[in-house]
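Numbering (our numbering), first residue to last: 37 to 668.
Each residue gets a CB set at the ideal place from its N, CA and C atoms; glycine is no exception.
Being a predicted model, the structure only gives us computed values, none of them experimental.
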């Protein structure tokens with residue numbers, strides 16, 4: 037028996053138990069090796085007429101012997117000589133495919149999958165004995181490689197007709213924890229081929245069981261009664277893989293219906309995608325991508341159970357179902373796949389996050405998704421608004437998260453309901469319509485557009501002819517605060533103290549009025565308590581008597597949102613109670629006695645909270661005050 041030429045047992049144990057997360061991966065690896073062998077002989081046939089085989093003659097055959105617990109993977113590829121078996125299978129992590137690729141650097145003609153050389157040994161995850169019988173093209177005879185694992189292997193001559201390789205696995209016995217027999221079930225093998233190797237370019241065939249009536253049974257006879265005994269199981273050879281990836285085809289040759297059918301079958305959706313992105317990139321990162329933006333959010337999209345990620349292929353062979361590193365969180369709604377020639381098939385899920393090529397692909401995809409969304413925004417606004425209705429919240433979170441690191445990249449994708457014709461608008465559209473004298477982008481927060489329109493401050497801003505963005509989602513104001521400006525225009529909450537549209541003369545006149553009523557406001561402030569920082573007159577209200585104005589970085593809406601979060605520690609907005617200087621209530625306050633003034637103060641504060649859509653601390657007291665003042 038020969039010994040492996042690497043640190044055998046330790047390396048083999050580590051590879052089997054650590055590199056591959058799922059045991060089912062072994063079939064992908066062995067089929068990929070078979071595909072390599074076919075590629076090599078096909079490449080030889082291009083310059084060697086003696087090969088005598090056309091592209092359609094190359095196949096990979098699977099077969100099962102359940103009684104003997106044997107699984108075979110056979111190919112009619114280039115095969116291996118005795119020396120190559122010893123060299124390629126006797127040295128763990130030796131890659132014959134990599135050597136072949138180095139020796140045949142002739143451009144696009146060479147396209148083999150495996151490069152690391154560890155995939156073959158994944159067979160020992162499910163098998164306790166592995167036999168390889170191979171006859172090399174142009175060789176004198178066939179040879180058998182046999183091993184039971186890390187202790188070593190034997191190499192001897194054998195009988196084999198035709199060139200190619202047959203790998204025979206003796207599948208392990210079942211244990212309490214592992215059911216290895218699943219890899220002797222034809223339907224399970226077919227499913228694994230479909231999952232991982234559907235786009236291998238050569239037919240993968242398997243004898244599949246099917247039922248048929250036994251000879252002599254006539255179900256059309258008058259006295260026939262159905263009986264399971266009338267049927268027998270027969271085996272028919274079926275091709276398991278489709279071989280031609282949709283993303284490898286020319287975009288001009290693919291119909292919208294084909295894209296939709298592929299999307300709905302692969303990603304289990306009942307509705308056509310809203311947007312298809314089919315791209316191929318060459319250069320520092322070479323890959324094909326077929327991406328889809330769903331027309332609606334999955335039922336669990338905004339929950340912790342949702343998993344983002346794209347399917348990742350290497351030359352048509354699936355590496356992982358959900359490669360989360362390919363998508364930033366704010367584009368997590370995108371579904372699809374990436375097929376890269378720069379990634380090795382044998383790279384594991386745990387190693388993917390550290391792969392340089394993967395990061396290059398991710399950055400390229402991010403730019404492509406953004407550009408396609410912006411293009412859709414300009415060319416098919418109705419569809420874009422449908423996408424944004426489903427996933428706009430995630431884009432706004434993307435602006436806010438990571439301390440605004442992505443705000444410049446995402447800001448043009450945002451839509452906000454607007455007072456302009458009641459339609460969603462982009463920030464770019466808002467700024468383009470701004471009057472020359474308007475200095476800020478105005479927004480207001482509330483549960484609905486209708487409630488925002490009831491705000492006294494909103495009425496005053498619209499009267500000036502200025503457009504207002506409606507912030508009806510919890511994340512909206514946080515995103516705007518994080519952006520701070522757009523096109524050098526600051527964002528201004530209409531309910532904030534810095535939003536003052538008065539002229540200098542009007543500001544000076546108001547200041548004088550507030551100074552004259554200083555003692556009046558001190559009495560009212562004391563009656564309300566610490567709930568307000570100040571009571572004052574304002575000239576920014578049209579018909580409403582009173583409002584609350586936030587001061588500082590935390591608005592009333594932010595207070596409400598933060599108050600619903602665990603660990604908020606009672607974050608409070610600093611607010612001032614503002615009274616319309618031109619409303620009749622202003623004169624009433626000036627002439628009221630001190631006790632009545634205190635009652636007015638509490639009543640007006642509660643009234644202002646109700647206008648803002650907020651609750652009041654003591655509804656019973658509010659009701660009593662209203663009744664008391666009405667009956668005077």
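Nearest to residue 570 by alpha-carbon distance, out of 490, 555, 326, 576, is 555.
In this structure, the alpha-carbon of residue 123 lies about 27 angstroms from that of residue 99. Look at residue 78 here: in three-state DSSP terms it is helix.
The C-alpha of residue 475 is placed about 35 angstroms away from the C-alpha of residue 626. Under the three-state reduction of DSSP output, residue 616 falls in the strand class.
Judged by DSSP in its simplified three-state form, residue 193 adopts strand.
Annotated as distal: residue 237 and residue 273, with beta-carbon spacing of 9 angstroms or more. Taking the Cα of residue 583 as reference, the smallest distance to any Cα among 616, 597, 560, 288 is reached at 616.
Assigned with DSSP and collapsed to three states, residue 666 falls in helix. For the 9 angstroms CB-CB criterion, residue 192 and residue 207 do not form a contact. Less than 9 angstroms divides the Cβ of residue 504 from the Cβ of residue 478. If you look at residue 332, you'll find it isn't in any alpha helix (DSSP H); DSSP assigns it neither H nor E. Cβ atoms of residue 506 and residue 480 come within 8 angstroms of each other, at about 7 angstroms. Assignment of residue 261 by DSSP, reduced to helix, strand and coil, places it in the coil class.
DSSP, reduced to helix, strand and coil, places residue 529 within a strand of the structure shown. The beta carbon of residue 63 is closer than 6 angstroms to those of 228 in its chain, skipping five residues each way along the sequence. In the displayed model, residue 479 falls within a strand according to three-state DSSP. A contact is defined here as three or more CB-CB pairs under 8 angstroms, and the region 338 to 348 meets this definition with respect to the region 360 to 377. Inclusion of residue 432 and residue 515 in the CB contact set at 9 angstroms is warranted, their separation being smaller than that value. Between the region 250 to 258 and the region 68 to 80, the count of Cβ pairs shorter than 8 angstroms is below three; the stretches do not touch. Sequence-distant partners of residue 396 (beyond 5 residues in either direction) whose C-beta falls short of 6 angstroms from its own C-beta, in its chain, are 320, 321.
Look at the beta carbons and you see the region 350 to 365 not touching the region 295 to 312: under three pairs across the two are nearer than 8 angstroms.
Here the region 607 to 621 makes contact with the region 578 to 592; the two share three or more CB pairs at distances below 8 angstroms. Taking the C-beta atoms as reference points, residue 89 is found nearer than 9 angstroms to residue 112.
Within the model, the alpha-carbon separation for residue 83 versus residue 246 is close to 42 angstroms. Note on residue 530: 16 or more other CB atoms within 10 angstroms of its CB, so buried under the neighbour-count rule.
In terms of Cβ geometry, residue 204 and residue 116 do not form a close pair [threshold 9 angstroms].
In this structure, residue 209 sits near residue 105, with a CB-CB distance shorter than 9 angstroms.
Check the Cα spacing between residue 333 and each of 176, 342, 71: the tightest is with 342. Less than 9 angstroms separates the beta-carbon of residue 66 from that of residue 159.
Look at residue 116 here: in three-state DSSP terms it is coil, with no helix or strand label. Per the Cβ contact rule, the region 400 to 407 is not in contact with the region 422 to 429 (fewer than 3 Cβ pairs under 8 angstroms).
Pairing residue 614 with residue 645 gives a Cβ-Cβ distance that is not under 9 angstroms.
Residue 519 sits in a helix when the DSSP states are folded into three classes. The closest CA to that of residue 596, considering only 513, 302, 120, is found on 513.
Across the set 282, 535, 288, 287, the C-alpha of 282 shows the shortest separation from the C-alpha of residue 298.
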